[in-house]
Structures are given as structure tokens and as C-alpha cells.
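**Student:**
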Amino acid sequence: MLMLVTGDNFLQLFLGWEGVGLASYLLIHFWFTRLQADKATIKAMLVNRVGDFGLALGILGYFTLFQSVDFSTIFACASAPINLWIFRNMRLNAITVICILLFIGVAGKIAQIVLHTWLPDVMEGPTPVSTLIHAATMVTCGIFMIARCSPLFEYSPMTLIVITFT
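Here the numbering used here is used: the first residue of the sequence shown is 3, the next is one more, and so on.
1. Given F32, which residues of its chain have a CB within under 8 Å of its CB, disregarding the five upstream and five downstream residues?
2. Please state if the CB of V52 and the CB of L103 are separated by a distance shorter than 9 Å.
3. Please classify D10 as buried or exposed, where buried requires at least 16 neighbouring CB atoms within 10 angstroms.
4. Whose C-beta lies closer than 7 Å to the C-beta of T161 among residues of the same chain, with five residues either side of it excluded?
5. Can you list, in chain order, the stretches of the beta strand (DSSP E) that have 3 or more residues and sit fully within the segment 3 to 47?
6. Helix, strand or coil: which one does DSSP assign to R51?
7. Could you name the residues of the same chain whose beta carbon sits closer than 7 Å to that of V71, not counting the 5 residues immediately before and after it, in chain order?
8. Buried or exposed: I145, going by 16 or more other Cβ atoms within 10 Å of its Cβ?
9. Considering only residues of the same chain and omitting the five flanking positions on each side of P153, which have a CB-CB separation below 6 Å?
10. Tell me the residue span of the alpha helix (DSSP H) that contains S81.
11. Starting from Q146, trace the alpha helix (DSSP H) in both directions and tell me its first and last residue.
12. Does the Cβ of T166 have 16 or more other Cβ atoms within 10 Å, making it buried, or fewer, making it exposed?
13. Note down the Cα distance separating M140 from N91, rounded to an integer number of angstroms.
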């Protein structure tokens with residue numbers, strides 16, 4: 003969690019993000035002899051991988067667009083006019099697409115939209131683990147990520163609408 007919070011670039015943030023996820027999966031799997039705990043761990047891991055894939059694609063998109071993963075560089079360059087991507091005769095702003103990908107990563111961690119199915123199964127772990135996952139790690143990581151990337155979301159009104167209504 004410390005690496006996630008203190009990192010000054012997206013790469014460190016992603017490594018801290020994965021570290022928090024790994025610690026959470028190991029805590030959910032505390033009672034490894036119980037079949038339900040095994041199933042809950044696998045389900046949590048698979049659903050969170052979907053979100054992690056979106057986050058990784060978003061980071062790759064920022065690197066492709068700005069040739070940097072450093073927050074200060076990306077925040078400084080994001081205000082400049084950005085390329086438009088054309089997909090199926092729709093003009094999409096690159097920042098909007100990348101911010102949506104980042105939000106998919108966040109949605110996996112904070113159990114939003116269709117990526118919420120893993121959260122009730124986490125109760126198979128010990129009670130302190132369930133409390134830790136709900137209050138201190140997984141959900142908090144997602145909220146921190148939204149706060150950390152808020153300067154980027156400012157340039158994407160469509161992403162702000164998606165975040166508001168989910």
C-alpha cells in the first residue's frame with residue numbers, strides 16, 4: 003500500500019496496486035483447506051485481473067501518447083490538444099479512452115458495475131480480513147487512484163459522467 007501511495011509514476015502505482023491485490027488474495031485464502039475459501043480466492047483474483055488489465059492498458063495508452071509514465075509530465079502535457087482516434091466512424095478523444103480504461107481498473111478493485119461479484123465471496127476469509135479488504139485496502143486503493151488521476155479526468159467530461167453514474 004505504501005508503494006501505491008508514494009509512487010510518483012504509473013509504473014510504481016501499478017506495482018503497488020498488484021502488491022495490494024496479492025496480499026488480499028493471500029488473506030482471503032487464509033483457510034486454504036476450505037473449498038469455499040478456495041473458490042472465493044480464485045473468483046476474486048479472476049475478476050480483479052479484468053480490472054488490472056484495463057489499468058495496464060490505460061497506463062500503456064498514456065505511455066504511448068506522452069512517452070512517459072511520470073505523473074508530473076503527463077499532467078503537464080494533458081492540457082495540450084490530444085489526438086482523436088477514429089473508431090467505427092466515431093471520433094474519440096485519446097484522453098477519454100485512456101481514462102475509461104483506468105476507470106475499468108478502478109471498478110475491478112472497488113467492486114463496481116459488473117465487477118462486483120467477488121466482494122460478497124470474500125466473507126469466506128476470517129472476519130478481520132474481510133474488514134481489512136472492505137475498509138483499508140482494496141476499496142481504498144480504487145478511491146486513491148481516482149483522486150490521484152483527477153487532473154486527467156478533468157480533461158475528459160465523458161469519463162466524469164461515467165464515474166458519476168456508476
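Even for Gly, the Cβ is constructed at its ideal location relative to N, Cα and C.
**Tutor:** Taking the geometry as given:
1. Position 30 of the sequence shown holds residue 32. Around F32: A39, G127, P128, V131.
2. Here residue 103 refers to the residue found at position 101 of the sequence shown. Here residue 52 refers to the residue found at position 50 of the sequence shown. No, these two residues do not count as a Cβ contact at 9 Å.
3. The residue given as residue 10 occupies position 8 in the sequence shown. D10 should be labelled exposed.
4. Numbered from 1 along the sequence shown, position 159 holds the residue referred to as residue 161. The beta carbon of T161 sits closer than 7 Å to those of T98, C101, I102, F105, F155, all from its chain and outside the five residues before and after it, given in chain order.
5. As far as the segment 3 to 47 is concerned, it has no whole beta strand (DSSP E) run of at least 3 residues.
6. For the purposes of this step, residue 51 is identified with residue 49 of the sequence shown, where counting begins at 1. Three-state result, R51: helix.
7. Position 69 of the sequence shown, counted from the first residue, corresponds to residue 71. Cβ within range, chain order: N11, F12, L13, I61, Y64, F65.
8. Here the question's residue 145 lines up with position 143 in the sequence shown. Looking at its Cβ environment, which holds fewer than 16 other Cβ atoms inside 10 Å, I145 is exposed.
9. Within the sequence shown, residue 153 is the residue found at index 151, counting from 1. Excluding residues within five positions, the ones whose Cβ falls inside 6 Å are F77.
10. Taking the first residue of the sequence shown as 1, we reach residue 81 at position 79. According to the DSSP assignment, S81 belongs to no alpha helix (DSSP H), since it is labelled neither H nor E.
11. Within the sequence shown, the letter at position 144 stands for residue 146. For the sequence presented, residue 146 should be read as Phe rather than Gln. Per DSSP, F146 belongs to the alpha helix (DSSP H) from 140 to 150.
12. Sequence index remark: in the sequence shown, residue 166 carries index 164 (1-based). T166 should be labelled exposed.
13. To locate residue 140, count along the sequence shown from 1; it is residue 138. To locate residue 91, count along the sequence shown from 1; it is residue 89. C-alpha separation (whole angstroms): 38 Å.
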